[in-house]
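Colleague: Below you will find the structure I want to go over with you.
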């Protein structure tokens with residue numbers, strides 16, 4: 001099974017200059033390939049396949065006087081840039097993905113380079129064309145290294161993402177499931193379980209909003225191209241980095257605990273693009289970063305052999321009574337507790353949704369041929385109130 005480990009690297013000034021130049025070369029290869037593809041289609045009506053028609057031109061370009069400087073950099077990293085463009089076109093033409101048309105990469109965006117031929121040393125990383133770069137390898141890299149991706153973030157820190165194959169299969173998922181939990185994602189509470197347990201929403205962005213706003217205003221007042229503007233930009237980027245790190249730490253710890261405690265986890269699928277159209281809640285929804293949390297659940301579940309069921313986005317979890325199945329015609333967001341007209345049960349909106357999510361997840365697991373023994377039971381008729 002392939003596992004990725006992200007470590008901090010500490011290049012010297014000379015190594016940092018080389019890595020920055022290599023980022024530029026990789027970006028140049030991508031942008032040039034995109035330009036050739038667009039030009040040939042617009043002028044001549046010819047559709048080129050980057051991986052087939054443009055990648056071989058890299059070797060020709062290196063022999064020319066104009067592009068001979070490309071010889072200084074890892075050839076496989078340059079080839080991977082063209083391969084990435086080919087994947088971008090494939091994603092664009094895949095109607096299911098709804099990806100946008102490939103655009104030119106900017107030097108102001110995220111910078112990275114892919115190296116399939118790197119090596120891991122005791123406390124350093126060996127890359128082509130450059131002496132070993134000191135690295136903080138905080139955990140053992142097990143298995144054969146498949147690739148190393150070098151990146152630089154907005155604060156100027158360098159990282160290496162090491163992909164290694166340990167040669168082992170993913171843990172087998174149990175056919176008989178004895179621990180199933182459904183979770184509702186929210187804003188007042190980050191996570192609500194079908195057992196009534198609630199996880200507080202830490203709201204990392206909101207808590208840092210004053211500092212971010214202050215630093216953003218300070219940046220806007222600085223003169224373009226000045227040293228003070230560069231310092232202000234780094235201060236703002238550092239604030240955003242702290243928020244992102246705190247959010248990622250919270251999500252990693254929470255997702256690990258959930259996976260360790262369950263054999264099956266049921267979550268709802270949220271259409272975040274539509275939810276972000278709500279101007280009053282957009283900032284809080286973005287701060288919650290539910291998609292990132294579910295992604296962490298997914299890869300941890302795959303590694304641990306835990307079933308992860310993602311329900312359809314149109315499943316009406318909040319406005320359906322989990323006791324009798326009565327479905328409310330409307331359920332405004334401001335309604336936090338409600339009484340079922342069908343069975344007179346009192347519901348906490350979020351707990352009721354989590355129970356419905358668990359019920360539906362159990363149904364889908366059983367429909368897939370799994371045996372589910374430990375759950376709160378499917379919907380039964382009755383009028384027993386549910387504690388809020």
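In full-length UniProt numbering, the protein residues as written are 1 to 388.
Note that CB positions come from ideal geometry on N, CA and C, so glycine has one too.
(1) So residue 126 is in the beta strand (DSSP E); what residue range does that whole segment cover?
(2) Specify the secondary structure class of residue 424 as computed by DSSP and reduced to three states.
(3) Which word fits residue 268, buried or exposed, when buried means at least 16 other C-beta atoms lie within 10 angstroms of its C-beta?
(4) Let me check one thing: in DSSP terms, what residues is residue 302 bridge-paired to?
(5) Taking the alpha-carbon positions, what's the residue 14 to residue 200 distance?
(6) Taking 7 Å as the cut-off, is the beta-carbon of residue 135 closer than that to any non-hydrogen atom of the ligand COA?
(7) In the structure shown, what three-state DSSP assignment does residue 198 receive?
(8) Kindly indicate which residue of 146, 92, 318, 354 has the alpha-carbon position closest to the one of residue 338.
(9) What are the uninterrupted segments assigned as beta strand (DSSP E) that are 3 or more residues long and contained completely in the region 78 to 118, given in chain order?
(10) So, do the region 216 to 229 and the region 134 to 150 have three or more beta carbon pairs nearer to each other than 8 Å?
(11) Residue 14 by DSSP, collapsed to three states: which one?
(12) Considering only residues of the UniProt domain "Cas12f1-like TNB" (290 to 357), which uninterrupted alpha helix (DSSP H) runs meet the minimum length of 4 residues and lie entirely inside it, listed in chain order?
(13) Can you give, in chain order, each stretch of the alpha helix (DSSP H) that sits fully within the UniProt domain "Probable transposase IS891/IS1136/IS1341" (178 to 279) and has at least 4 residues?
(14) With respect to the alpha helix (DSSP H) encompassing residue 283, which residues constitute its N-terminal and C-terminal limits?
(15) Go ahead and pull the three-state DSSP assignment for residue 380.
(16) Cβ of residue 50 within 8 Å of Cβ of residue 89?
(17) Report all residues from its chain with a CB closer than 7 Å to the CB of residue 121; omit the five preceding and five following residues, and keep chain order.
(18) Roughly how many angstroms lie between the CA atoms of residue 223 and residue 254, to the nearest whole one?
(19) How is residue 165 classed by DSSP in three states: helix, strand or coil?
(20) Taking the alpha-carbon of residue 72 as reference, which of 17, 41, 36 has the nearest alpha-carbon?
(21) Count the other CB atoms within 10 Å of the CB of residue 252; is the residue buried (16 or more) or exposed (fewer)?
(22) Which whole-angstrom value describes the C-beta separation of residue 1 and residue 261, a residue pair presumed to lie in contact below a C-beta threshold of 8 Å?
(23) Name the two residues that bound the continuous beta strand (DSSP E) containing residue 135.
(24) How long is the line joining the alpha carbons of residue 360 and residue 311, rounded to whole angstroms?
(25) Which residue comes first and which comes last in the alpha helix (DSSP H) that contains residue 62?
(26) First and last residue of the beta strand (DSSP E) that includes residue 145?
(27) Could you check which residue in 246, 275, 220, 218 has the C-alpha nearest to that of residue 185?
(28) Residues bridged to residue 6 by DSSP?
(29) To the nearest angstrom, how far is it from the Cα of residue 66 to the Cα of residue 59?
(30) Applying the 10 Å Cβ sphere with the 16-neighbour rule, what's the burial state of residue 44?
(31) Decide yes or no for the touch test of the region 293 to 306 against the region 207 to 224: beta carbon pairs closer than 8 Å, at least 3 of them.
(32) With a threshold of 6 Å on Cβ separation, who are the neighbours of residue 161 within its own chain once the five nearest residues in sequence on each side are excluded?
(33) State buried or exposed for residue 378, treating a residue as buried only when at least 16 other CB atoms are found within 10 Å of its CB.
Modeller: The structure says:
(1) 124 to 127
(2) In the structure as shown, the chain begins at 1 and stops at 388. Residue 424 is therefore absent and cannot be evaluated.
(3) buried
(4) The partner list for residue 302 (beta bridge, DSSP) is empty, contrary to what the question assumes.
(5) 46 Å
(6) Of the ligands one can find in the structure shown there are none, so the ligand COA has no counterpart to examine.
(7) strand
(8) 318
(9) 111 to 115
(10) no
(11) helix
(12) 290 to 304
(13) 204 to 207, 209 to 220, 227 to 261, 272 to 275
(14) 282 to 288
(15) For residue 380, the predicted model reports a pLDDT of 42, less than 50, meaning its position is unreliable; a value from the coordinates is still stated below. Coil.
(16) yes
(17) 132
(18) 43 Å
(19) strand
(20) 17
(21) exposed
(22) No, residue 1 and residue 261 are not in contact; Cβ-Cβ is about 22 Å, not under 8 Å.
(23) 130 to 136
(24) 8 Å
(25) 57 to 63
(26) 144 to 152
(27) 275
(28) 161
(29) 13 Å
(30) exposed
(31) no
(32) 4, 6, 149
(33) Because residue 378 sits at a pLDDT of 46, beneath the cut-off of 50, its placement in the model cannot be relied upon, and the point is left open.
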